[in-house]
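Enquirer: The following block contains the structure, expressed as structure tokens.
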């Protein structure tokens, strides 16, 4: 490996082992990691529900929290003994922490090196996605985008366009952990389930347009999520982790040309065309850290 690649790669070094026995015998600990986004939550259709400046954000937070609580309940019914939830939308401070059970821990705040999957490790037995949305290249999803609706036009892993769900499933797969359930709009759950084979698909709304959907009520969605998560976890032994080939070839296509131009000044980044750059990562952890760096770094950053 060239010295310059080693130096830059060191910034994205692994910090955890990636194997686990995932014991499932009587009395064994069963750890479940829940990554929760917001665009795929039942009832959410516009930006007014997705951020602090929106008039309907208060209700959006409550609906998101309700779906997370439903996933927690389903996980417990299937035998989960430890649950970690990663708030994975926007500023990553959306879930109403005071509504969570006392024995659940919450990962919140941004930026984070593993973004939506920060907190995952090889000791978990299963991953659940709640409130997920379709990828930026999917014309059918509600609020469809990949990582940054304002910045990115496409994200590819080893030449294949991916949704956030597929990317995050690959991160879990590096640690040997399968995705057992995913909720969101119909387009989103189809995308994830097509790669994370065996995951319980839990649609809670059906896209009509980018800002429109036919949706379940919050109560109906929570019931469906609770049942789906329980079923997925009960089938955990038959669901394999989604593992991508390494090294991982990451391609980011920007909506504007300047990010691609400037990133290509780095000797480890290749400019593919006017809007696209390529980076070869050792694995999904390094790939995720690279993307998190690209989307978060600013020279003017202050504490």
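Numbering (this note's numbering), first residue to last: 3 to 305. Note that the Cβ used here is the ideal one computed from N, Cα and C, for glycine as well. Nothing here was measured: the structure is a model prediction, and the numbers come from that model.
Which same chain residues end up closer than 6 Å to residue 265 when comparing Cβ atoms and leaving out the 5 residues on each side of it in sequence?
Expert: Taken in chain order, the residues that qualify are 271, 279.
Enquirer: With a floor of 4 residues, list each alpha helix (DSSP H) that falls wholly inside the segment 202–263, ordered by position along the chain.
Expert: Taking only runs of at least 4 residues, the alpha helix (DSSP H) segments lying wholly in the segment 202–263 are 220–236.
Enquirer: May I ask you to list the residues that DSSP assigns as paired with residue 122?
Expert: Residue 122 is not bridged to any residue.
Enquirer: Tell me residue 36's beta-bridge partners as DSSP assigns them.
Expert: Looking at the DSSP assignment, residue 36 forms a beta bridge with 87, 130.
Enquirer: Identify the continuous alpha helix (DSSP H) that holds residue 59 and give its terminal residues.
Expert: Start and end: 59–79.
Enquirer: Hey, how far is the Cα of residue 212 from the Cα of residue 95?
Expert: The alpha-carbon atoms of residue 212 and residue 95 are separated by roughly 24 Å.
Enquirer: Could you check what DSSP says for residue 199 in three-state terms: helix, strand or coil?
Expert: Three-state result, residue 199: coil.
Enquirer: What do you reckon, are the CB atoms on residue 79 and residue 237 nearer than 7 Å?
Expert: No, the Cβ-Cβ distance between residue 79 and residue 237 is not below 7 Å.
Enquirer: Please tell me whether residue 190 and residue 244 are closer than 7 Å, where the distance is taken between their beta carbons.
Expert: Contact: no.
Enquirer: What is the DSSP secondary structure of residue 186, counted as helix, strand or coil?
Expert: In this structure, residue 186 counts as strand in the three-state DSSP scheme.
Enquirer: Given residue 302, which residues of its chain have a CB within under 7 Å of its CB, disregarding the five upstream and five downstream residues?
Expert: The answer is none, since no qualifying residue turns up.
Enquirer: Using a Cβ-Cβ cutoff of less than 6 Å, which residues in the same chain neighbour residue 73 once the five nearest sequence positions on both sides are dropped?
Expert: 36, 130, 132, 227, 231, listed in sequence order.
Enquirer: Rounded to a whole number of angstroms, what is the C-alpha to C-alpha distance between residue 223 and residue 63?
Expert: The alpha-carbon atoms of residue 223 and residue 63 are separated by roughly 15 Å.
Enquirer: Counting Cβ pairs, one atom from each stretch, are 3 or more of them under 8 Å apart for the segment 290–299 and the segment 113–122?
Expert: Short answer: they touch.
Enquirer: Where does residue 117 sit, in a helix, a strand or coil, going by DSSP?
Expert: It is helical.
Enquirer: For residue 240, tell me which candidate among 251, 183, 285, 292 has the shortest Cα-Cα distance.
Expert: The option with the nearest alpha carbon to residue 240 is 183.
Enquirer: As a quick exercise: from 281, 118, 206, 291, pick the residue whose alpha carbon is nearest that of residue 47.
Expert: Nearest of 281, 118, 206, 291 to residue 47, Cα basis: 206.
Enquirer: From the DSSP output, which residues share a beta bridge with residue 283?
Expert: Per DSSP, 250.
Enquirer: Beta-carbon within less than 8 Å of residue 173's beta-carbon, same chain only, minus the 5 sequence neighbours each way: which residues are those?
Expert: So the list reads 116, 119, 122, 286, 287, 290, once near-sequence residues are dropped.
Enquirer: Measuring only the C-alpha atoms, how far is residue 273 from residue 193?
Expert: Cα to Cα, residue 273 sits roughly 28 Å from residue 193.
Enquirer: Beta carbon of residue 136, beta carbon of residue 255: below 7 Å?
Expert: In this structure, residue 255 does not lie closer than 7 Å to residue 136 by Cβ.
Enquirer: Would residue 31 be called buried (16 or more neighbouring beta carbons within 10 Å of its own) or exposed?
Expert: It counts as exposed.
Enquirer: First and last residue of the alpha helix (DSSP H) that includes residue 174?
Expert: Taken as a continuous stretch (DSSP letters only), the alpha helix (DSSP H) holding residue 174 covers 166–176.
Enquirer: Looking only at DSSP bridge pairs, what is residue 273 linked to?
Expert: The partner list for residue 273 (beta bridge, DSSP) reads 279.
Enquirer: State the Cα-Cα distance for the pair residue 146 and residue 55, rounded to the nearest angstrom.
Expert: Rounded to whole angstroms, residue 146 to residue 55 spans 20 Å at the Cα level.
Enquirer: State the CB to CB distance for the pair residue 252 and residue 292, rounded to an integer number of angstroms; the pair is presumed to be in contact (CB under 8 Å).
Expert: So it is a contact: roughly 6 Å between Cβ atoms.
Enquirer: What is the residue span of the beta strand (DSSP E) that residue 158 lies within?
Expert: Start and end: 154–159.
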